[in-house]
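Chains as they are written, first to last, in our numbering: chain A, 360 to 712; chain B, 257 to 501. Cβ atoms here follow ideal geometry from the backbone N, Cα and C, with glycine treated the same way.
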């Protein structure tokens with residue numbers, strides 16, 4: 360590895376603590392609040408949280424990504440897929456997976472510290488959420504929209520949870536990678552450390568540091584921004600980081616580390632590559648990739664599209680060369696400045712099919 | 257009269273020939289490095305590559321396709337002929353190509369000692385993209401809106417080549433994977449050759465090294481299509497690969 364690349368890796372690893380500044384600028388958009396919050400127990404006793412924006416039409420389950428929570432899809436009324444879907448005639452339910460957002464603690468108020476894997480999300484949390492939504496709404500099927508890890512566990516659920524396909528009318532994966540072959544040096548380096556991961560990685564606290572730096576052009580926050588964003592107004596970013604970030608767990612990181620080694624998204628035991636079972640999924644599937652997505656590059660998201668067996672499927676690459684206003688980064692897809700006008704309509708249209 | 261007509265026809269319809277120029281210093285004892293200039297791009301845009309290749313101890317030669325009468329077949333034939341000429345009495349040349357020139361190299365099926373393809377599409381795009389196929393006999397530059405490629409010094413080329421470039425986004429002609437050590441480089445923001453049309457199609461190549469420029473490759477720079485040609489750090493990496501694959 361060249362000296363320049365070692366320096367870049369060192370800069371990444373270097374904490375932002377020495378770069379603390381005074382209080383960040385105030386957020387410029389109103390925070391979002393769902394009308395209803397539901398705490399639900401999974402079959403193994405964990406707690407998840409569902410946030411419902413009641414609508415008149417078919418229910419839709421909306422799932423966040425790694426180290427995030429439901430606010431990544433519902434940052435403010437202007438940046439909310441929930442708002443958009445209610446207007447489009449749907450009944451959106453936003454999920455906080457165990458250990459995230461309002462499910463940081465369980466129903467009894469005890470902190471949910473970790474000890475689970477991405478399989479648990481797809482095979483326990485999502486089934487609990489789906490069954491709860493169907494029971495409460497009386498609907499026969501639910502639509503599924505997942506961002507990043509949220510789409511990956513959608514693949515787990517749809518392909519491997521008993522009876523899942525009969526409960527879904529649409530599957531939408533946004534910025535969700537399934538191909539980890541030819542690992543990129545940054546990902547290899549980061550996930551190579553996963554084997555020594557703490558049970559819980561306090562990324563939410565690191566996000567507060569990032570938020571505190573506000574709009575200051577420091578190397579660290581510039582790098583974090585570049586990794587995640589291409590189209591989010593700078594004045595919004597402090598509020599965004601504070602709102603949407605939740606801790607990561609060692610189990611997630613180890614499973615992603617295994618994915619980087621195996622070249623594909625494998626289960627926690629390393630026995631099943633979920634791309635294989637996806638071939639059995641016949642639910643109409645929309646896959647959206649961001650042209651400038653550094654976390655889930657297009658070539659890694661494409662595997663979702665090529666793996667799924669649904670005869671009705673579509674791949675969208677959100678970038679200027681394909682007719683979009685900007686080249687979308689990872690978080691731009693859910694809360695970028697153009698998401699409401701360009702991404703959410705695609706989601707609504709697919710759910711309507 | 258018949259002979260005159262035949263001669264006129266031969267002159268009028270003769271295939272164009274590319275120009276092979278010894279760029280940089282004459283270094284007859286060094287391994288030749290053929291830098292294939294994309295028809296439609298100015299040879300001046302390759303100065304960084306020339307410097308890098310010469311700096312790596314190779315003998316840089318620029319292969320250009322002047323004029324506006326080129327077809328794909330003519331360009332491929334010219335490239336084969338030029339490679340054969342450059343190979344005469346010397347070490348087997350290495351080849352570097354940026355963008356669509358790389359497709360011409362693959363179609364020629366020449367066998368260099370090493371091959372570097374930077375921003376070259378190796379397969380069709382998975383979704384429709386906004387190319388601008390030229391209309392008419394001549395075209396200026398590449399069939400894309402300039403703001404999507406970054407500042408690139410361009411020149412006229414044939415309309416037929418420009419339309420071929422645009423068509424390659426939908427369907428790339430068949431080619432045999434190169435057997436030599438091959439470096440394939442792609443940038444996530446390059447509409448001509450994003451990673452999904454570079455990394456994935458080349459996974460089956462027998463001896464391929466894949467580089468994604470940008471943050472994931474531990475380099476903070478995101479390079480546009482034109483910057484893939486003008487970035488000195490990348491040029492040095494390409495030259496180093498060609499020097500010792």
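Closest by C-alpha distance to residue i, when choosing among the options
i, options, result
"residue 430 of chain B", "B:446, B:362, B:481, B:312", "B:362"
"residue 343 of chain B", "B:389, B:297, B:290", "B:290"
"residue 542 of chain A", "A:638, A:639, A:616", "A:616"
"residue 484 of chain B", "B:443, B:300, B:369", "B:443"
"residue 688 of chain A", "A:544, A:656, A:462, A:394", "A:656"
"residue 388 of chain B", "B:395, B:462, B:378, B:400", "B:400"
"residue 452 of chain A", "A:705, A:485, A:463, A:674", "A:485"
"residue 287 of chain B", "B:272, B:301, B:346, B:281", "B:346"
"residue 332 of chain B", "B:372, B:493, B:309, B:356", "B:356"
"residue 648 of chain A", "A:629, A:683, A:639", "A:683"
"residue 599 of chain A", "A:711, A:568, A:481", "A:568"
"residue 678 of chain A", "A:654, A:422, A:638, A:590", "A:590"
"residue 436 of chain B", "B:500, B:424, B:322", "B:500"
"residue 650 of chain A", "A:637, A:546, A:535", "A:535"
"residue 446 of chain A", "A:461, A:425, A:455, A:417", "A:417"
"residue 587 of chain A", "B:479, B:489, B:486, B:472", "B:472"
"residue 400 of chain A", "A:607, A:490, A:694", "A:490"
"residue 394 of chain A", "A:410, A:521, A:403", "A:410"
"residue 456 of chain A", "A:479, A:437, A:442", "A:479"
Chain A contact for residue i (CB, 8 Å cutoff)
i, result
"residue 488 of chain B", "no"
"residue 404 of chain B", "yes"
"residue 461 of chain B", "no"
"residue 305 of chain B", "no"
"residue 273 of chain B", "no"
"residue 292 of chain B", "no"
"residue 466 of chain B", "yes"
"residue 419 of chain B", "no"
"residue 388 of chain B", "no"
"residue 473 of chain B", "yes"
"residue 452 of chain B", "yes"
"residue 455 of chain B", "yes"
"residue 407 of chain B", "no"
"residue 444 of chain B", "yes"
"residue 295 of chain B", "no"
"residue 299 of chain B", "no"
"residue 383 of chain B", "yes"
Minimum Cβ-Cβ distance from residue i to chain B less than 8 Å
i, result
"residue 601 of chain A", "no"
"residue 682 of chain A", "yes"
"residue 524 of chain A", "no"
"residue 674 of chain A", "yes"
"residue 686 of chain A", "yes"
"residue 544 of chain A", "yes"
"residue 651 of chain A", "yes"
"residue 658 of chain A", "yes"
"residue 666 of chain A", "no"
"residue 541 of chain A", "yes"
"residue 711 of chain A", "no"
"residue 679 of chain A", "yes"
"residue 572 of chain A", "no"
"residue 511 of chain A", "no"
"residue 585 of chain A", "yes"
"residue 582 of chain A", "yes"
Residue burial classification, residue i (beta-carbon count within 10 angstroms, cutoff 16)
i, result
"residue 468 of chain A", "exposed"
"residue 285 of chain B", "exposed"
"residue 459 of chain B", "exposed"
"residue 452 of chain B", "buried"
"residue 472 of chain A", "exposed"
"residue 700 of chain A", "exposed"
"residue 564 of chain A", "exposed"
"residue 653 of chain A", "buried"
"residue 757 of chain A", "For residue 757 of chain A there is no data in the structure shown, the boundaries of chain A being 360 and 712."
"residue 360 of chain A", "Residue confidence for residue 360 of chain A is low, a pLDDT of 49 falling below 50, so the modelled location carries little weight; the figure read from the coordinates is stated next. It is exposed - the Cβ of residue 360 of chain A has fewer than 16 other Cβ atoms within 10 Å."
"residue 281 of chain B", "exposed"
Interface flag, residue i vs chain E, CB-CB below 8 Å
i, result
"residue 661 of chain A", "In the displayed structure, chain E is absent; the protein chains listed are A and B."
Unbroken stretches of the beta strand (DSSP E), 3 residues or longer, contained in the segment 423–483 of chain A = Counting only runs that start and end inside the segment 423–483 of chain A, the beta strand (DSSP E) elements of at least 3 residues fall at 433–435, 450–455.
key: Three CB pairs or more closer than 8 Å across the segment 379–392 of chain B and the segment 659–679 of chain A   = A contact exists between the segment 379–392 of chain B and the segment 659–679 of chain A.
ask   = What residue ranges within the segment 676–706 of chain A form continuous alpha helix (DSSP H) runs of no fewer than 4 residues, ordered along the chain?
value = Within the segment 676–706 of chain A, the complete alpha helix (DSSP H) runs of at least 4 residues are 691–694, 698–701.
task = Only counting runs of 3 or more residues, tell me where the beta strand (DSSP E) segments fall wholly within the segment 389–438 of chain B, in order along the chain.
result = Fully enclosed beta strand (DSSP E) runs of 3 or longer: 394–396, 412–414.
Runs of alpha helix (DSSP H) wholly within the segment 313–349 of chain B (minimum 4 residues, chain order) = For the segment 313–349 of chain B, whole alpha helix (DSSP H) runs of length 4 or above, ordered along the chain, are 328–343.
ask   = Counting pairs of beta carbons, one from the segment 567–587 of chain A and one from the segment 422–431 of chain A, are three or more of them closer than 8 Å?
value = Proximity of the segment 567–587 of chain A to the segment 422–431 of chain A falls short of the contact definition, fewer than three beta-carbon pairs being nearer than 8 Å.
task = Tell me the start and end of each unbroken alpha helix (DSSP H) in the segment 604–649 of chain A that is at least 4 residues and wholly inside, in chain order.
result = Restricted to the segment 604–649 of chain A, the alpha helix (DSSP H) segments that are unbroken, complete and at least 4 residues in length are 609–621, 634–637, listed in chain order.
request  = Flag this pair as touching only if the segment 668–677 of chain A and the segment 638–653 of chain A have three or more C-beta atom pairs under 8 Å; answer yes or no.
outcome  = With a cut-off of 8 Å, the segment 638–653 of chain A and the segment 668–677 of chain A count as touching, because enough Cβ pairs lie within range.
task = Spell out a yes or no on whether the segment 704–712 of chain A and the segment 463–482 of chain B are touching, meaning 3 or more CB-CB pairs, one atom from each, closer than 8 Å.
result = By the criterion of at least three beta-carbon pairs nearer than 8 Å, the segment 704–712 of chain A is not in contact with the segment 463–482 of chain B.
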